[in-house]
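All you need for the working numbering is the position in the sequence shown, starting with 1, plus 547. Glycine included, C-beta positions come from ideal geometry on N, C-alpha and C.
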Amino acid sequence: MLRLSAKALGFSFASICAALYAACAAIMATVPKETAIQFFNSLTHGVDWGPIIRFDMPWYEMLIGITEVFILGWLIGATIAALYNVSADKETG
Numbered sequence: 548m549l550r551l552s553a554k555a556l557g558f559s560f561a562s563i564c565a566a567l568y569a570a571c572a573a574i575m576a577t578v579p580k581e582t583a584i585q586f587f588n589s590l591t592h593g594v595d596w597g598p599i600i601r602f603d604m605p606w607y608e609m610l611i612g613i614t615e616v617f618i619l620g621w622l623i624g625a626t627i628a629a630l631y632n633v634s635a636d637k638e639t640g
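Below, the structure written as structure tokens:
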């Protein structure tokens, strides 16, 4: 049975998560506050992000955030690959 590389899947998932984080930051930096709130509200049906969205985030907090998201994404992707490989080994063994 096919085995997944934990490093490769972890890096792929982490890269996607970091890209989404960067896209979110770019949206918040380039559009007016009300437009950003409307955009994020449309993504999460019924959740009003207006009272909790913070627009005055310094660049270093954004750098910390994207690093944290990358690390968490890598851990999630690697865990998915490891669990898949364990279940695949049980099926063939």
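Just how far apart, CA to CA, sit residue i and residue j?
i: Tyr607; j: Ser552; result: 32 Å
i: Phe617; j: Met548; result: 29 Å
i: Gly612; j: Met604; result: 10 Å
i: His592; j: Ala565; result: 23 Å
i: Met609; j: Lys637; result: 42 Å
i: Leu619; j: Thr639; result: 30 Å
Please work out which residues of its chain come closer than 8 Å, Cβ to Cβ, to residue i, disregarding the five sequence neighbours upstream and downstream, and give them in chain order.
i: Trp643; result: This structure does not reach residue 643, given that the chain is present from 548 up to 640, and the question cannot be answered.
Consult DSSP for residue i and reduce its assignment to one of helix, strand or coil.
i: Asp636; result: helix
i: Leu549; result: coil
Taking the continuous alpha helix (DSSP H) assigned at residue i, which residues delimit it?
i: Ser562; result: 553–577
i: Ile584; result: 580–590
Beta-carbon within less than 7 Å of residue i's beta-carbon, same chain only, minus the 5 sequence neighbours each way: which residues are those?
i: Phe602; result: Met575, Lys580
i: Leu491; result: Past the edges of the chain, shown from 548 to 640, lies residue 491, and the structure says nothing about it.
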